[in-house]
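Working notes, beginning with the structure itself.
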Amino acid sequence: MSSQLQVVVFVVFGGWLLVLSGVFYLMFAHYRRLVGGGEPGNLKKVLDRLLDAGESNKKEIAGLFRQVKNIEERGLYNIQKVGIVRFNPFNDTGGNQSFSLAVTDGHDTGFIFTVLHARERSRIYLKSIKEGKSDSELSLEEKKALGVALKG
Numbered sequence: 000m001s002s003q004l005q006v007v008v009f010v011v012f013g014g015w016l017l018v019l020s021g022v023f024y025l026m027f028a029h030y031r032r033l034v035g036g037g038e039p040g041n042l043k044k045v046l047d048r049l050l051d052a053g054e055s056n057k058k059e060i061a062g063l064f065r066q067v068k069n070i071e072e073r074g075l076y077n078i079q080k081v082g083i084v085r086f087n088p089f090n091d092t093g094g095n096q097s098f099s100l101a102v103t104d105g106h107d108t109g110f111i112f113t114v115l116h117a118r119e120r121s122r123i124y125l126k127s128i129k130e131g132k133s134d135s136e137l138s139l140e141e142k143k144a145l146g147v148a149l150k151g
């Protein structure tokens, strides 16, 4: 073999050796990261630990989904919709000092609070609402307030 051919073969094999050494180094570094600096040759324990952690995470996620669903269900009973209408029920009073306030939850259940303000006195009325309807007769202003509330 000529000396030039020997040099070319040597350079090719040397380059190949460098490439393989780099790949081996990257694989070894990845392995060290996997085992977390623990005992060498302990890959089975590392994989078992990862599988256990995966199962534990599944259980925690399922629990979190249950909690979120519970919170969403309970949230339907909180105040969610409010409507207010101001009005002047009497000709002898100025300004819209009277009002009807409708407050409902996610099931459209709640109440209507109405205040009628006159010169000498104020009157307060409270009517219950169940699923968007009242057992009592509603005034025009109360119906408007309930309509505003139900539109959200």
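Just so you know, we're using numbering that gives the first Met the number 0 here: the sequence shown kicks off at 0 and counts up by one. Glycine is no exception: its CB is placed at the ideal position from the N, C-alpha and C atoms.
Subject >> ARG85, enclosing alpha helix (DSSP H) - first and last residue >> reply: Taken as a continuous stretch (DSSP letters only), ARG85 belongs to no alpha helix (DSSP H), being part of the beta strand (DSSP E) at 80-86.
**OP:** Look at LEU145 and SER127 and say whether their C-beta atoms are less than 9 angstroms apart.
**Re:** Cβ distance not < 9 angstroms, so LEU145 and SER127 don't count as in contact.
**OP:** State buried or exposed for SER97, treating a residue as buried only when at least 16 other CB atoms are found within 10 Å of its CB.
**Re:** SER97 is buried by the Cβ-count criterion.
Subject >> Length of the line joining the Cα atoms of THR113 and ILE123 >> reply: Their backbone Cα atoms lie some 6 angstroms apart in a straight line.
**OP:** Put VAL62 into one of helix, strand or coil per three-state DSSP.
**Re:** At residue 62 the sequence reads Gly, which differs from the Val that was named. It is helical.
**OP:** Could you spell out where the beta strand (DSSP E) holding ALA101 opens and where it closes?
**Re:** ALA101 -> beta strand (DSSP E) spans 97-103.
Original post:
Could you check where the beta strand (DSSP E) with GLU125 kicks off and where it finishes?
Top reply: Residue identity check: residue 125 is Leu in the sequence provided, not Glu. Under the DSSP assignment, LEU125 falls in the beta strand (DSSP E) whose first and last residues are 121-128.
**OP:** Work out the CA separation of HIS29 and ILE60 for me, nearest whole Å.
**Re:** The straight-line gap separating the alpha-carbon atoms of ILE60 and HIS29 is approximately 28 angstroms.
Subject >> C-beta atoms of GLN169 and GLY151 nearer than 9 angstroms >> reply: The structure shown has nothing for residue 169, since the chain only spans 0 to 151.
Original post:
So what does DSSP say about HIS116, is it helix, strand or coil?
Top reply: Strand, per DSSP.
Original post:
With C-beta atoms as the reference, is LEU149 less than 9 angstroms away from THR108?
Top reply: Taking 9 angstroms as the cut-off, the Cβ atoms of LEU149 and THR108 do not count as close.
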